[in-house]
């Protein structure tokens, strides 16, 4: 198994003359928690959009598990094992928390003909229900199981996204600001979930605004500023990095 | 041999003029408030009936009839907007809900007219207007109504283009059609501009119905029967383009008359197949150039915004 | 004066058919997010396919020569066969039913054709609307397809032959039997939609409805799901057309206009968005409006001979549109709220959380 699970080569993207992403090349190691930080407008989300197939790069390539995925679409990437959450979550707001959680996995009941006969998909459904019970329980969402996704708080929506991630257990998950807006007492459980996933060999590539929160658990950090990669290294190295401090003038990193 | 051609062309031009009058209001509605108003056709019917009633009391009084039709149709348009569409638009209803609402408004107006016409014994009637030939061109009689229709159609087109270019309200409408929120933030009185838009949309349709009434039997389904053609004209024109609607009206007028005459005389195609023309036009446009053959693309994009709001949260 | 039994039977029959139509539209739009503004097209196609097929089959099955189905003589012949020949009648009924469903499914497939969707969302809605109009025009004017303005008549109750068999000799018997059968199909359609929507497929439908892009990002084949729901919905509508034609006896384009499509939308929105029970409830109320205005106009005509009966039916359409506008502005979700997707997973959670047994609404 290859060490490097995700690689970008010279990714560039401009929006009407402004270079949102400027020649970014990076690698993410398998079974790691890699963090991407940078001030607002440094191009982090745009880079994620390009990697996850939502946006098209102007130049450069993306490789996932040594296969080129530059031009693939989101649903194809999902099937390959790449999952992405959004800063402004895209959930199904007409459905309940439970229904959202049960959606990502496939089922024999997805076929309308089989859907008519409960016996065909019943057992499958019950085992998914157990999984959902654990996933929702991890993030203290079980009591909201029949609430519509449109009626829960912003932080709970973020947690629901993570619960859905647990149901899918993707090989690589791109998380866009997963803890912003989440109640502070729930952050430890999120972190331990991340660590569990790493232990199982899954990879997490996380965008966050500052390093402080993720310092303890991150394996490797990339820093972006004004579209370019300005620094990379272990959390310790980044904290001591002068260039990074400059980029964050007025903001503390450590 | 070709003596049918001149008569055919004369009729085509007339219908093009009518189509322009009755369709331009819909283009306006789509451009400014992004609403595919299926009730638009009813403004035509209301205009026709207004003329009918006015000429009962003032026979042959064209100016009065026209003004009355314009005002009444325009008034009903504003009322419909205030009571039905504004609340729905305010709560950011999806496009399909708005379309459904416009069906409902259309049906409501249409059957109100049915009931009133039924009581008044005017379910199928003619206005008391003397249709008098005024000119003769190579044996074809051009009547007073005919010339007036052409005049009004051309005047409307000219008036509207000047209106949009030079008046404050007209420019406000263009701003709203391009980006309503920005227009509001820029201090434009969007409420007033939108109301004026509805008066124009309804009023012009009413005048179109008025001009049509001497030539056809006026029934409460008059406008409803034109709905397909009007939408074909507007879709051809790209939904929001002024020029596109003019082109579309010409095409529709000629296709339904000259083309059908041609097909009928040389290929024995019965006239009952005429309704297939707007249908075919719509399909052709959607397949070949869905954005239509008009000009203002950026405004069509704004129409899409409402649709996108329909999809995501 | 008023035939009570006849009224009840007609109420029940119309209710059953309208309920099926509302269930199908609700499946397509309430659950699947596909606005079908041309439902009358599928309904009408089922009806005309049934009428044309039956008219020809009855002659074929009794070893007679095929003739123009629009003539009075062939009409009389059809009715004679229906009252005397049970096997031919029932066979024709069954075959036309199966064919209607198949035709509906094919039309549904075409209507969801991906190419139409690639460009713009509203194309589908516009094309269906227009196609439904054209269907009416073509079948109304083309005498070879639809026998003109009056439509195709002589599609008698498939149990007409029962009259001579029973000792009572009453024409009510076939009507009673057929109305019961309509209700049976209504029940079947209800069970079908309930099962479909309370399953993983139901979840897929709602996800496509709520955010098809997000659904696609989660690996779901949005186009396939849309096609599936359209096929099911259209088949159901065509089934309703088959049932209706045999009930009313004639296939006439007047019954399949856009005004009727509008009525189905009113039924759905009144009863409740994405709620199958709601669909049935909505159909019930509009059927009531429909049937009572009919009685009202008959009564008024009897007591006030000069009164124009049409005014009552005009009022019905007026009330319907007013009702829809009021609903849209004040209560767009309808009488019954959208319910949860009831699967074993839901019940598992419900039990563990100690909920009351019949809680099935979203909190």
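Residue numbers (the working numbering), protein chains in the order written: chain A, 1 to 254; chain B, 1001 to 1313; chain C, 2001 to 2363.
Glycine residues also receive a C-beta, built at the ideal position from the N, C-alpha and C atoms.
Source: prediction; values computed, not measured.
Quiz item: So with Cβ pairs under 8 Å, would you call residue 250 of chain A a contact of chain C?
Solution: Bear in mind that the predicted position of residue 250 of chain A carries a pLDDT of just 46, short of 50, making it unreliable; the figure below should be weighed with that in mind. Interface residue (Cβ-Cβ distance to chain C less than 8 Å): residue 250 of chain A is not classified as such.
Quiz item: Quick one: does residue 2086 of chain C have its CB under 8 Å from some CB of chain A?
Solution: no
Practice problem: Taking 8 Å as the cut-off, decide whether the C-beta atoms of residue 1012 of chain B and residue 1043 of chain B are in contact. | Solution: no
Quiz prompt | 7 Å Cβ cut-off: residues of chain A touching residue 2219 of chain C | solution = 75, 78 and 79
Quiz item: Of the residues B:1068, B:1150 and B:1111, which one's Cα is nearest the Cα of residue 1220 of chain B?
Solution: Looking at B:1068, B:1150 and B:1111, the one whose alpha-carbon comes closest to that of residue 1220 of chain B is B:1111.
Quiz prompt | Bridge partners - residue 67 of chain A, DSSP secondary structure assignment | solution = Residue 67 of chain A is bridged to A:64.
Self-check item: C-alpha gap between residue 1312 of chain B and residue 2211 of chain C, whole angstroms
Solution: Bear in mind that a pLDDT of 45 at residue 1312 of chain B, under 50, signals an unreliable position, so the number given afterwards is only what the model happens to contain. Annotation: residue 1312 of chain B to residue 2211 of chain C spans about 5 Å, alpha carbon to alpha carbon.
Quiz item: Should residue 1944 of chain C be flagged as near chain A, meaning a C-beta pair shorter than 8 Å?
Solution: Residue 1944 of chain C lies beyond the residue range present for chain C, which begins at 2001 and ends at 2363; the question has no answer from this structure.
Quiz item: Leaving out the 5 sequence neighbours to the left and right, which residues in its chain are closer than 7 Å to residue 1297 of chain B when beta-carbon positions are compared?
Solution: Below a pLDDT of 50, predicted positions are generally treated as unreliable, and residue 1297 of chain B, at 48, falls in that range; the measurement from the model is reported next regardless. Around residue 1297 of chain B: 1291.
Quiz prompt | residue 1075 of chain B versus residue 2218 of chain C: straight-line alpha-carbon distance, rounded | solution = 50 Å
Quiz item: Should residue 1181 of chain B be labelled buried (16 or more other beta-carbon atoms within 10 Å of its own) or exposed?
Solution: exposed
Exercise. Could I get the ranges of all uninterrupted alpha helix (DSSP H) runs contained in the region 1080 to 1129 of chain B, with 4 residues as the minimum, in chain order?
Key: 1086 to 1090 and 1095 to 1120
Quiz item: Under a three-way DSSP split, which group does residue 2143 of chain C fall into?
Solution: helix
Exercise. Tell me, please, whether the CB atom of residue 1971 of chain C is closer than 8 Å to any CB atom in chain B?
Key: No answer is possible for residue 1971 of chain C: it lies beyond the span of chain C, which begins at 2001 and ends at 2363.
Self-check item: Sheet register partners of residue 11 of chain A (DSSP bridge)
Solution: Answer by DSSP bridge pairing, in chain order: A:24.
Quiz item: Any contact of the region 2266 to 2282 of chain C with the region 2021 to 2032 of chain C, i.e. 3+ C-beta pairs under 8 Å?
Solution: yes
Quiz item: Mind listing which residues of the region 1068 to 1083 of chain B have their C-beta closer than 9 Å to chain C's C-betas, in chain order?
Solution: 1083
Quiz item: According to the neighbour-count rule (16 or more other Cβ atoms, all chains shown, within 10 Å of its Cβ), is residue 99 of chain A buried or exposed?
Solution: buried
Self-check item: Proximal residues to residue 1140 of chain B (C-beta, below 7 Å), its chain only, five neighbours per side dropped
Solution: Closer than 7 Å at the Cβ level, and outside the excluded window around residue 1140 of chain B, lie 1006, 1007 and 1010.
Quiz item: Using a C-beta cutoff of 8 Å, does residue 2228 of chain C count as contacting chain B?
Solution: no
Practice problem: Specify, as a first and last residue, the run of the beta strand (DSSP E) that residue 1135 of chain B falls within. | Solution: 1133 to 1137
Exercise. Measure the beta-carbon distance from residue 2355 of chain C to residue 2275 of chain C and round it to whole angstroms, keeping in mind my assumption that it falls under 8 Å.
Key: Not a contact, Cβ separation roughly 19 Å.
Quiz prompt | Near-chain C residues of the region 124 to 143 of chain A (beta-carbon distance less than 9 Å), N- to C-terminal order | solution = Per Cβ criterion, the list reads 124, 125, 126, 128, 129, 130, 132, 133, 136, 142 and 143.
Exercise. Would you mind working out which of C:2033, C:2152 and C:2083 sits nearest residue 2160 of chain C, comparing C-alpha positions?
Key: Per the Cα distances, C:2083.
Quiz item: When the Cα of residue 2138 of chain C is compared with those of B:1149, B:1275 and B:1204, which residue comes out closest?
Solution: B:1275
Quiz item: Got a sec: is the Cβ-Cβ distance from residue 2201 of chain C to anything in chain A below 8 Å?
Solution: yes
Exercise. Rank B:1022, B:1228 and B:1059 by C-alpha distance to the C-alpha of residue 1047 of chain B and give the top, closest one.
Key: B:1022
Quiz item: Which residues in the same chain have their Cβ closer than 8 Å to the Cβ of residue 2164 of chain C, if we skip the five residues on either side of it in sequence?
Solution: 2083 and 2084
Quiz prompt | Residue environment, residue 92 of chain A, which counts as buried when at least 16 other CB atoms sit within 10 Å | solution = buried
Practice problem: Per DSSP, which residues does residue 222 of chain A bridge with? Please list them. | Solution: A:36 and A:232
Quiz item: Do residue 2032 of chain C and residue 2443 of chain C come within 8 Å of each other at the CB atom, strictly closer than that value?
Solution: There is simply no residue 2443 of chain C to check, as chain C begins at 2001 and stops at 2363 in what is shown.
Quiz item: Are there 16 or more other CB atoms within 10 angstroms of the CB of residue 2199 of chain C, so buried, or fewer, so exposed?
Solution: buried
Quiz item: Under three-state DSSP, which class holds residue 253 of chain A?
Solution: Low confidence applies to residue 253 of chain A: its pLDDT is 48, below 50, so where it sits in the model is not reliable enough to give any reading.
Quiz item: So what does DSSP say about residue 2340 of chain C, is it helix, strand or coil?
Solution: coil
Quiz prompt | For residue 172 of chain A and residue 30 of chain A, the rounded distance between their alpha carbons | solution = Their backbone Cα atoms lie some 8 Å apart in a straight line.
Self-check item: Three-state secondary structure assigned by DSSP to residue 176 of chain A
Solution: strand
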